[in-house]
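Structure first, commentary second.
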Amino acid sequence: MVIRFSIVIPAYNYGAVVERAVRSACEQAGDDFEVIVIDDGSTDDTPQVLDRITQDFLTLKVIHQDNAGLAAVRNRGVKEARGDYLIFLDADDAFEANALAVFRAGAESHPDAGLLIAPTVSVFDDGRMVSGGSVHVAEVPQQRFLDYLYKRLSISNGAVAMHRRVFGLVSYNPALRQTEDIPVFAQCLANFEAVGLSEPTTRIYKHAGSMRHNADTALAVGLSLVDEVFNPERLPSEFQQYRAHYRARRALSVFRICKRAERYPEACDYFKLAWQADWKACLRKPEYLLKYLSCKIKA
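So in full-length UniProt numbering, the last spot in the sequence shown is 299, and the numbers never skip.
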């Protein structure tokens, strides 16, 4: 049997929902795929849930390992996968019933593409479901790179099939405990052809996070994300011209998160970093300066 698609599901303490993700993957039509679940040292009942449902599906492989973080799990998934395309499905999300059929059609139509990017269906805590429209990807590498960094192009794990050849260039940095996928997607868009698809493949379950947790996460990553995105070994030299502006935009993002969490000293620090990187970006919206002055008073 030829394995064309490898679906990798990282799982850490998702015992309550991981079965939904696994079944949505294993129950796809066809015999050209495998499903690999990597339990990253879960301390809840995730291991027991996975071991139970392993008996139901021949296509399912479960790996248990000590906790190493999401980036390390993704890298292991790349090593374990046998397929031509890898799809990372989050343990709290789920495939649509025809997800692999959509990706198969995309791969047939665009065999040279490094990324096949599909729209998603957002599912909210109150039961609302919002379906995204067709994904439009620019033909010019610089444009699609910027569209992604500045959130004009959305890419969600589970809704993107990545050809194995991209991992000859990119990998996930274990030092980034969050946002580890942003540099990988950005560098793929810069270096490989990417194609947008029209049918949703994945249900993304939206959860409200605490502002304190969001601030802690943003501060832990800080501006190291910028260094990873613009790693000169993985990004053509002509893309380095965008570094300063992205550094400012990233600093402003952390500034806003800290302000919402009432972390005023940290908010002020990141506004200053944004100003140093590209003061014009700070004046793009007048309210940024007003918010900084408000934080300065409260710090």
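Even for Gly, the Cβ is constructed at its ideal location relative to N, Cα and C.
Bear in mind the structure is a predicted one, so any value in this text is a computation, not a measurement.
Here's the rule I'm using: 16 or more other beta-carbon atoms within 10 Å means buried, otherwise exposed. How should residue i be labelled?
i	result
Trp279	exposed
Pro232	exposed
Ser109	exposed
Gln28	buried
Glu180	buried
Val49	buried
Ala2	Here residue 2 turns out to be Val, not Ala, going by the sequence shown. Counting Cβ neighbours within 10 Å, Val2 comes out exposed, since fewer than 16 surround it.
Val102	buried
Ile9	buried
residue 300	Because the chain is modelled from 1 through 299, residue 300 falls outside the range shown and cannot be assessed.
Arg212	exposed
Ala97	exposed
Pro111	exposed
Ser24	buried
Ile297	exposed
Please state if the CB of residue j and the CB of residue i are separated by a distance shorter than 8 Å.
i	j	result
Phe5	Asp32	yes
Lys206	Phe271	no
Ala189	Arg144	Here residue 189 is Leu; the residue named in the question, Ala, does not match the sequence. Taking 8 Å as the Cβ cut-off, Leu189 and Arg144 qualify as a contacting pair.
Ala274	Ala251	yes
Leu70	Val37	no
Thr43	Asn13	yes
Val62	Asp39	yes
Phe167	Val78	yes
Leu86	Phe95	no
Ala267	Lys259	yes
Gly158	Asp84	no
Leu235	Gln276	no
Cys26	Val35	yes
Ala68	Leu197	no
Leu283	Leu290	no
Tyr246	Leu149	yes
Ser131	Val121	yes
residue 324	Phe230	Because residue 324 is not part of the residues shown, which for the chain are 1 to 299, the question remains open.
Asn214	Ala261	yes
Pro183	Glu238	no
Would DSSP call residue i helix, strand or coil?
i	result
Glu180	coil
His64	strand
Thr120	strand
Ile9	strand
Phe33	strand
Ser171	coil
Ser294	helix
Thr217	helix
Leu283	coil
Arg152	coil
Gly196	strand
Ser224	helix
Tyr14	coil
Phe255	helix
Val78	helix
Val160	strand
Ile53	helix
Ala97	coil
Ser134	coil
Leu189	helix
residue 318	What is shown of the chain runs 1 to 299, which leaves residue 318 out entirely.
Asp269	helix
Asp40	strand
Arg260	helix
With distances taken Cα to Cα, identify the nearest neighbour of residue i among the options.
i	options	result
Val195	Leu116, Pro10 and Pro236	Leu116
Leu176	Val135, Ser131 and Leu225	Leu225
Ala11	Asp147, Met1, Asp66 and Gln28	Asp66
Leu293	Pro265, Arg212 and Asn157	Pro265
Arg128	Arg203, Asp216, Thr179 and Glu180	Arg203
Gly30	Cys282, Gln178 and Ala99	Ala99
Ala299	Tyr288, Phe185, Asp269 and Asp112	Asp269
Cys295	Asn214, Glu228 and Arg256	Arg256
Leu146	Phe185, Gly41, Ala208 and Val102	Phe185
Tyr172	Arg82, Asn75, Asp112 and Val8	Asn75
Ser156	Asp126, Ser253, Val229 and Pro200	Pro200
Gln142	Asp126, Glu193, Gln178 and Glu80	Glu193
Arg52	Gly15, Gly114, Asp216 and Arg82	Gly15
Arg82	Ile7, Lys285 and Pro174	Ile7
Shorter than 7 Å, the distance from the beta carbon of residue i to the closest heavy atom of the ligand SAH, or not?
i	result
Asn214	Among the components modelled here there is no ligand, and therefore nothing to report on the ligand SAH.
Taking CB distances under 8 Å as the criterion, tell me whether residue i reaches chain D.
i	result
Leu169	Chain labels in this structure do not include chain D; a single protein chain is all it has.
Inter-stretch contact (C-beta, 8 Å, three-pair minimum) for the segment 130-144 and the segment 212-223: Look at the beta carbons and you see the segment 130-144 not touching the segment 212-223: under three pairs across the two are nearer than 8 Å.
Is the segment 150-170 touching the segment 96-113 in the sense that three or more CB pairs, one from each, lie closer than 8 Å? Yes: the two stretches touch, three or more of their Cβ pairs being nearer than 8 Å.
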